[in-house]
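Asks: Residue numbers (our numbering), protein chains in the order written: chain W, -18 to 626; chain G, -18 to 626.
The beta-carbon is built from N, C-alpha and C at its ideal position, and this holds for glycine as well.
Here's a structure for you.
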């Protein structure tokens, strides 16, 4: 397919040259280009279709080579990328060395922060605004675009509270699509709903001056008012929530009406105080399926349009689906179990639980800190709360796990989806730190399943573990079919489980990588190496008895984890050995390196980090060949290991 | 001194029996008891003096044996403790096995959560409200008391947004003293300022019904309204900020007027929807010095009232003071340096910097996440930002350090006061996890000074370190006088510094504990042991060359840190050895155990954890004696170590 007008856009300067009808044609090209690409490779669809006009209008009015554009979350950056010279890269969306699915400064100076977590836009924008002014570059305009679900995140709120004290230009564009990721949650969502597009203009002369008196900021506001264009004056919102923060609130306006958007941006640009422009948009705009079902089309897998229906490509049964089904069993069996998601009902599978257990399953919106504390409160009241969250977003609840959960000894259960490498979402979304930061806490049980049967056992362990908090991690991947063992033994705190025997070396794999280890074992067996594979199950506490027995037997150990090596599972093994005075000289670790892994396929990323079957087998050979070589030089009897292949 | 009425109060039931004049007398007793005690031992003063009437009125109306009372921050809990059977323990305030300075469930069932961090109250209250209802105990009333600086924290905001969706009783008491810890910051603070005590009553009949129409919640609100008492009706606040969250807002009322408070609580108790009661209080109320200078008397050291002036007991020069002075030098020398505190201008020393560099020093209020992101924005704009924060509160900015700082490669400098054991504040405030969670991030330089000269060098290293973020930690302690070396060599990334030579063992001490190690060395020398002491300086990267050379030389190593052993400095040493295939069998670690350390003196806590001079010397003897014993059995030549003493 071709997108004739889009193909002429080499930089934002080319956008500025277009007429309104041409901009509308460009918007259509952009929508088609995005739809076509996402249908092939998957990616964020509905969020991007919703901001096409907003993006074009911003680039039309501002000069983001000099001015600052900050995205909140960032999954709505595709139109921005397409008009900043990156249309030719669209074919490699979310692929290795291709176009990132989130803003990425490595790609373009038009991207300031690589982001993927919600709520950061306003705070970083405030910092850049203050920073530019201090650097003598106060003429650089700062614009931040943030969605309605993200603006109620605590970090956004803190940012807005500080933005209100700013004595210079700052434009916050509230992209209000009424349903940012799933359905908006919380009381403010209802408040936004009440807002209708402003009938405006007619009534404004009667109301405007009166309104301004109510806006914090005193006389300067009146002065500013007199300098405002008529369009802005007409849609100043009195009674707008964010007015309390000292922001001049404008709108709501129609976020798909290009002429109005351009006029509003042109006027807002000149206001030398913080302004919030409230734009109503339709998530998934312009594509009938995504308009009708923006949740499914938030970030779909590849799909095909077949006549009047759309088929989503399906892969195997995801850990997410398994979680939803297993938790259904848990919640059916035990009426004290409750569950919460922080704005990710679909991504975590909690959507099914909310439907089946409306009294005991909650979505609190993008508010991980609150979710954790709410569940701490429920635990205190005697319930058995589960928090379902992406590993990367758990980083937002670190302090809550410390104080409100573990310091109290409360048995809150944390279920972390997307733990480990996540593929196309890239560096902003890998779950690479959860083991490190959770095993800090006393009495925290840190565990992982390798497949669906062990997932079931892990959740059952957590349901009945009352001595402290517990956390389980599972990947953005399919459950292995068939599972290694349909009927594995129950989880016992701190006990690993032997999967296969072997004398040359023991692989101690934490969670899902145990499956890679089993494959590696097959390859190694063909090459004459005979290795054991253990499903480690627990990163806290680790199975030091097992480790000691292996070390005592002279068996080299390789720990494998889909997680950073700094402080991770292997590190826990080393610490346990050190504490127990077990010699760790022949223990080896593989996991994620001390660096960033960018977007690509999950399998490619696993290979890059050497934690797929091939990488594990390679590492095992290195260890055994080194051991053999060392043995050959000091002890001839051990070199038989090498001689067998 | 005696407090006759207070001495009769064995439980809240005794409060309920009092008349209003008696309650006022009790309030006076409580104020005197707290003032007398804090003057002797130090502690939180002004926050507690401000909530005496609020506390008495709450206990008068509610039954917190059954109902739920949640404190936000918790430093205002002393009056509550005094009327819940703990007056006899006041003499051991903040001391080991005495009365904790924060709510502490281990002391009393009247304390629900042990807290000390801001913003948790509402979220946990929402959880308990939902939990009690699910447990069939919806008759338990839930009350949360939160200050004006804490309620603008992001976590509070998330909690309120969820509270607004609650379909049952929940009372949030906003204790608005206009200056919770330092001065309130942010735009909302100005909004609160505009609120005056409600003239009420006269006007209310005209306004009340009109107001109610504006409050989200629809017809039920009208129904509720008809059931309200006249007092509440009179002070329903229209246009109150929190009304937007679906809360029925009442007040502001005078938080020191006992009859009004009691009447309001009695009525608010019966409202079966979330209510925010806005009470204006005077921080430090009733003690002329703390009323006049609530910041100094927020949490003073012991002091003496001498005629008409108060003398605060002073100890040595704190690391905080050193930081303020050293940063003054840095900011004078380098105009690109900026600094921020999150609501702790006094505690971090930033108050001095705000005074001297008003354009480049910021207080954003209790909003660590925002502070970190604002500084990320400043770094992006080309500045050299420093974040001054307590180690324990850095836990609130973990995700921001990940995404907005280190993933971007931005050189934000993190300066962590109160790192390690903190003494009287206890488990809620120890800085026990910062090394573990910061060394996860690529290119993060993690360092520590042992005294003022190295502190100066460390800050200078950070000022010029541009390859990534950096973080320095220092204790709630005095700088050693004199310093070990007035002119130590400059910091070099990943390089330790040898302080004293020795052959038997090398102590690798991270930060301040190097001073304890030097003292231990003296004791050991007298006993015939000759140990080297190194100032490790960096926990990331660690000095693997040094470690390797020590291991190669057969020298046992002891790592020492005032930090948790899980993932800490010693763990980093073990990992580095494992990566470099250096045998770590003769490396030993001491640090904080995998458990909680409760309030007491800092020196007592250090002793408890074995990381003071005595503990270090003891551990060194154990290691050397074991080594000698092992050597004696396997290799007679090594046993000379033991033979020398």
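Hey, does residue 253(G) have any beta-carbon neighbour from chain W nearer than 8 Å?
Replies: It does not: the Cβ of residue 253(G) has no partner Cβ on chain W nearer than 8 Å.
Asks: Where does the unbroken alpha helix (DSSP H) through residue 59(W) begin, and where does it stop?
Replies: Element bounds for residue 59(W): 59 to 62.
Asks: Got a sec: is the Cβ-Cβ distance from residue 169(W) to anything in chain G below 8 Å?
Replies: Judged by the 8 Å Cβ criterion, residue 169(W) is in contact with chain G.
Asks: Would residue 598(W) count as contacting chain G if we go by Cβ distances under 8 Å?
Replies: Residue 598(W) does not count as touching chain G.
Asks: If you run the structure through DSSP and keep just helix, strand and coil, what is residue 601(G)?
Replies: Residue 601(G) falls in the helix class under three-state DSSP.
Asks: Which first and last residues belong to the beta strand (DSSP E) in which residue 127(W) is found?
Replies: Element bounds for residue 127(W): 123 to 128.
Asks: Measure the CB-CB distance between residue 375(G) and residue 397(G) and report whether it falls below 8 Å.
Replies: Yes, they are a contact pair.
Asks: Which whole-angstrom value is the C-beta distance of residue 569(G) and residue 538(G), which I expect to be below 8 Å?
Replies: Correct: roughly 7 Å between the Cβ atoms.
Asks: So which residues on chain G does residue 423(W) lean against when the C-beta distance must stay under 7 Å?
Replies: Chain G residues near residue 423(W): 575, 576 and 577.
Asks: The segment 375 to 394 of chain G: which residues have C-beta closer than 8 Å to a C-beta of chain W, in chain order?
Replies: Of all residues in the segment 375 to 394 of chain G, 376, 377, 379, 380, 381, 383, 384, 385, 388 and 389 have a Cβ within less than 8 Å of some Cβ in chain W.
Asks: Assuming contact is defined by CB atoms lying nearer than 8 Å, are residue 471(G) and residue 455(G) in contact in what I supplied?
Replies: Cβ atoms of residue 471(G) and residue 455(G): not closer than 8 Å.
Asks: Label residue -2(W) either buried or exposed according to how many other C-beta atoms from any shown protein chain fall within 10 Å of its C-beta, with 16 as the threshold for buried.
Replies: The residue is exposed, with fewer than 16 neighbouring Cβ atoms inside 10 Å.
Asks: Do you know how far the Cα of residue 268(G) is from the Cα of residue 627(G)?
Replies: Residue coverage of chain G in this structure runs from -18 to 626, which leaves residue 627(G) outside it and unanswerable.
Asks: In chain W, which residues lie less than 8 Å from residue 568(G) when you measure between Cβ atoms?
Replies: Chain W residues near residue 568(G): 559.
Asks: DSSP puts residue 540(G) in a beta bridge; with which residues?
Replies: DSSP lists 489(G) and 570(G) as partners of residue 540(G).
Asks: Please classify residue 183(W) as buried or exposed, where buried requires at least 16 neighbouring CB atoms within 10 angstroms.
Replies: At residue 183(W) the pLDDT is 36, less than 50, meaning the model places this residue with poor confidence; the figure from the coordinates comes in the next sentence. That one is exposed.
Asks: Figure out for me which residue from 522(G), 532(G), 533(G) and 350(G) has the closest Cα to the Cα of residue 552(G).
Replies: Selected option, being the one with the closest Cα: 522(G).
Asks: Is residue 262(G) helix, strand or coil by DSSP?
Replies: In this structure, residue 262(G) counts as coil in the three-state DSSP scheme.
Asks: Using three-state DSSP, classify residue 156(G) as helix, strand or coil.
Replies: In this structure, residue 156(G) counts as strand in the three-state DSSP scheme.
Asks: Going along chain G, which residues have a C-beta under 7 Å from residue 98(W)?
Replies: Correct list: 380 and 384.
Asks: Leaving out five residues on either side along the sequence, give the residues of the same chain with a beta carbon under 8 Å from the beta carbon of residue 25(W).
Replies: Counting only Cβ-Cβ distances below 8 Å, and skipping sequence neighbours, we find 19, 56, 57, 59, 82, 279 and 280.
Asks: In chain W, which residues lie less than 7 Å from residue 351(G) when you measure between Cβ atoms?
Replies: 104, 136, 139, 140 and 143, listed in chain order.
Asks: So, helix, strand or coil for residue 255(W), using DSSP?
Replies: Strand, per DSSP.
Asks: Is the segment 343 to 361 of chain W touching the segment 131 to 145 of chain G, taking contact as three or more C-beta pairs under 8 Å?
Replies: Yes, since at least three Cβ pairs between the segment 343 to 361 of chain W and the segment 131 to 145 of chain G fall closer than 8 Å, the two stretches touch.
Asks: When the distance is taken between beta carbons, is residue 79(G) closer than 8 Å to residue 423(W)?
Replies: Not closer than 8 Å, so no.
Asks: Taking CB distances under 8 Å as the criterion, tell me whether residue 101(W) reaches chain G.
Replies: For residue 101(W), the answer is yes, since a Cβ of chain G falls inside 8 Å of its Cβ.
Asks: Can you tell which of 115(W), 478(W) and 340(W) has its C-alpha closest to the C-alpha of residue 342(G)?
Replies: Among 115(W), 478(W) and 340(W), the Cα nearest to that of residue 342(G) is on 115(W).
Asks: In angstroms, rounded to a whole number, what distance separates the CA positions of residue 225(W) and residue 168(G)?
Replies: Their Cα atoms are separated by approximately 8 Å.
Asks: What does residue 408(G) touch in chain W if you count any residue whose Cβ is under 7 Å from its own?
Replies: The contacting residues are 388.
Asks: Cα-Cα, which of 276(G), 561(G) and 476(G) is closest to residue 567(W)?
Replies: Residue 567(W) has its Cα closest to that of 561(G), out of 276(G), 561(G) and 476(G).
Asks: By DSSP, does residue 454(G) sit in helix, in strand, or in coil?
Replies: Strand, per DSSP.
Asks: At a CB-CB cut-off below 7 Å, which residues of chain G make contact with residue 257(W)?
Replies: Going along chain G, no residue has its Cβ under 7 Å from residue 257(W), so there is no contact; the nearest lies around 12 Å.
Asks: Residue 361(G) versus chain W: which residues are under 8 Å apart at the beta carbon?
Replies: Under the 8 Å cutoff, chain W gives 93, 94, 105, 108, 109 and 112.
Asks: Count the other CB atoms, across all protein chains shown, that sit within 10 Å of the CB of residue 49(G); report buried if there are 16 or more and exposed otherwise.
Replies: That one is buried.
Asks: Bridge partners of residue 610(G), per DSSP?
Replies: Partner(s): none; residue 610(G) has no beta bridge.
Asks: Looking only at its own chain, which residues have a Cβ that is under 7 Å from the Cβ of residue 121(W), when we skip the five neighbours before and after it?
Replies: 47, 48, 49 and 113.
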